[in-house]
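> First the structure, which I've put down as structure tokens, then a few questions once you've had a look.
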Amino acid sequence: MRTKRDISQPDRLYTSLNRFIATTVLLSAEEEHVLVCDRSPEARDRLILSHLPLVKSIAFRFKDYGVDVKDCFNQGVVGLIKAIDKYDPIRGRLATFAHHFVLGEILCYLNKNQKFLHLPSPLRRIVNKFCRALRQLGEGATNADIAAAMNLSEGEVSFLRECAEYTVESLDAPLSDSEDAPMLADTVGSIDPGFAEIETRVSVEQLLSQLSEVEREVIRLRYGFDDGVEISLRAVGKRLGRSHDWVAKVQKAALAKMRKHTT
Numbered sequence: 125m126r127t128k129r130d131i132s133q134p135d136r137l138y139t140s141l142n143r144f145i146a147t148t149v150l151l152s153a154e155e156e157h158v159l160v161c162d163r164s165p166e167a168r169d170r171l172i173l174s175h176l177p178l179v180k181s182i183a184f185r186f187k188d189y190g191v192d193v194k195d196c197f198n199q200g201v202v203g204l205i206k207a208i209d210k211y212d213p214i215r216g217r218l219a220t221f222a223h224h225f226v227l228g229e230i231l232c233y234l235n236k237n238q239k240f241l242h243l244p245s246p247l248r249r250i251v252n253k254f255c256r257a258l259r260q261l262g263e264g265a266t267n268a269d270i271a272a273a274m275n276l277s278e279g280e281v282s283f284l285r286e287c288a289e290y291t292v293e294s295l296d297a298p299l300s301d302s303e304d305a306p307m308l309a310d311t312v313g314s315i316d317p318g319f320a321e322i323e324t325r326v327s328v329e330q331l332l333s334q335l336s337e338v339e340r341e342v343i344r345l346r347y348g349f350d351d352g353v354e355i356s357l358r359a360v361g362k363r364l365g366r367s368h369d370w371v372a373k374v375q376k377a378a379l380a381k382m383r384k385h386t387t
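Position 26 of the sequence shown, counted from 1, bears residue number 150 in this note's numbering, the numbering being contiguous throughout.
Printed below as a string of structure tokens:
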């Protein structure tokens, strides 16, 4: 019989790993360069182990957003390994280069393993708030400007900016053909699982252009494309003076058209 003091094997492993990370000595630039040039399996392993504190620090930034930090850490290690395999010393320090891969791998994992298209709801909501603040303040707004507007620290804003940049499935592709066009992953709500099936990277405006005027209005209202506020089918019906069933029918037709243009 298991007692309250029993700890599962994965938890014991994670605890031991945390202890190891706490004692990890960071490499100097010279040591790092030697290991990178070595290219041996042993050198690669040492590079991985010496950068686990970086992975942990990035993974722990998700702890307040309803995410399993251990899963984030595991995926972050995958990103770290990818970074090491692609790294060239002329790019600067490995930690700086790897940061993009670690965060990106975690976000891609969350996208693929959540019920809906994008990040867990608490994180998605605050990322959407960041995007709205950025649009209101202008693309030239600094982290300090946005931090003041959102009552957050500059570090938190920096994290949200990175999340907003990487909430797409491909890390290498541009976010949009138009700098001003919002992305589907940033704006689609989680009310209707039907929208989760539209795994696309084309801009919202391009998709909406395929719809009739009525369909565009329903989708914009339903998923809060203009004000970021998602509303129910019934609420859309009240706004348009139409029945719940009518709105549901129009939405279904609109989603079908959008899926057609994303496959």
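The beta carbon of each residue, even a glycine, is placed where N, CA and C say it ideally should be.
Based on Cα-Cα distance, which residue from 364, 363, 346 lies nearest to residue 356?
The residue labelled residue 356 in the question sits at position 232 within the sequence shown. It is 346 whose Cα lies nearest to the Cα of residue 356.
> Have a look at residue 285 and residue 156 and give me their C-alpha separation to the nearest angstrom.
For the purposes of this step, residue 285 is identified with residue 161 of the sequence shown, where counting begins at 1. For the purposes of this step, residue 156 is identified with residue 32 of the sequence shown, where counting begins at 1. When rounded, the distance between both Cα atoms is 29 Å.
> Label residue 126 either buried or exposed according to how many other C-beta atoms from any shown protein chain fall within 10 Å of its C-beta, with 16 as the threshold for buried.
Here residue 126 corresponds to residue number 2 of the sequence shown, with the count starting at 1. Any reading at residue 126 needs caution, since the residue's pLDDT is 43, under 50, leaving its predicted position unreliable; the model's value is listed next. So residue 126 ends up on the exposed side.
> What separation, rounded to the nearest whole angstrom, lies between the Cα atoms of residue 327 and residue 382?
Taking the sequence shown and counting its residues from 1, the one referred to as residue 327 is at position 203. Taking the sequence shown and counting its residues from 1, the one referred to as residue 382 is at position 258. Residue placement at residue 327 is flagged as unreliable, the pLDDT there being 43, under the threshold of 50; the coordinate-derived value follows with that caveat. Whole-angstrom Cα-Cα distance: 11 Å.
> On the criterion of 16 or more Cβ atoms from any shown chain inside 10 Å, does residue 294 qualify as buried, or is it exposed?
Taking the sequence shown and counting its residues from 1, one reaches residue 294 at position 170. The predicted model places residue 294 with a pLDDT of 31, which falls under 50 and marks its position as unreliable, so this point remains unresolved.
> Please determine if the stretch 332 to 345 and the stretch 371 to 382 are in contact, where contact requires at least 3 C-beta pairs separated by less than 8 Å.
Touching, per the Cβ criterion.
> Do residue 181 and residue 151 have their CB atoms nearer than 8 Å?
Translated into positions along the sequence shown, residue 181 becomes position 57. Translated into positions along the sequence shown, residue 151 becomes position 27. Taking 8 Å as the Cβ cut-off, residue 181 and residue 151 do not qualify as a contacting pair.
> Distance check for residue 288 and residue 217, CA to CA, integer angstroms please.
As a position in the sequence shown, residue 217 is number 93, starting the count at 1. As a position in the sequence shown, residue 288 is number 164, starting the count at 1. Using only the alpha carbons, I get a separation of about 24 Å.
> Within the continuous alpha helix (DSSP H) that includes residue 197, where are the two ends?
Residue numbering aside, residue 197 sits at position 73 when the sequence shown is read from its first letter. In the DSSP assignment, residue 197 falls within the alpha helix (DSSP H) that extends over 193 to 210.
> Hey, residue 226 and residue 254 are a contact pair by Cβ (cut 8 Å); roughly how many whole angstroms apart?
Residue 226 sits at position 102 when you count from the first residue of the sequence shown. Residue 254 sits at position 130 when you count from the first residue of the sequence shown. 20 Å between Cβ atoms; not a contact.
> Under three-state DSSP, which class holds residue 355?
As a first step, residue 355 is located in the sequence shown; it is residue number 231 there, counting from the start. Residue 355 falls in the coil class under three-state DSSP.
> Nearest-angstrom Cα distance between residue 361 and residue 186?
What you label residue 361 is simply residue 237 of the sequence shown in a count that begins at 1. What you label residue 186 is simply residue 62 of the sequence shown in a count that begins at 1. So the alpha carbons of these two residues sit roughly 37 Å apart.
> Let's see if you can read the secondary structure: which residues bound the alpha helix (DSSP H) around residue 182?
Residue mapping note: residue 182 aligns to position 58 of the sequence shown, counting from 1. Segment 176 to 183, the alpha helix (DSSP H) holding residue 182.
> Is residue 187 helix, strand or coil by DSSP?
Numbered from 1 along the sequence shown, position 63 holds the residue referred to as residue 187. If DSSP states are grouped into helix, strand and coil, residue 187 belongs with coil.
> Any idea if residue 214 is buried or exposed, counting beta-carbon neighbours within 10 angstroms, 16 or more meaning buried?
Within the sequence shown, the letter at position 90 stands for residue 214. Sixteen is the threshold: since fewer than 16 other Cβ atoms of the shown chains lie within 10 Å of the Cβ of residue 214, the residue is exposed.
> Between which two residues does the alpha helix (DSSP H) containing residue 267 stretch?
Residue numbering aside, residue 267 sits at position 143 when the sequence shown is read from its first letter. Counting along the chain, the alpha helix (DSSP H) containing residue 267 begins and ends at 267 to 274.
> Nearest to residue 178 by alpha carbon, out of 204, 170, 164?
As a working note, residue 178 is residue 54 in the sequence shown. That would be 204, whose Cα lies nearest to the Cα of residue 178.
> Report the residue from 198, 223, 196, 358 whose alpha carbon sits nearest the alpha carbon of residue 208.
On the sequence shown, residue 208 is found 84 positions in, with the first residue counted as 1. For the residues 198, 223, 196, 358, the minimum Cα distance to residue 208 belongs to 223.
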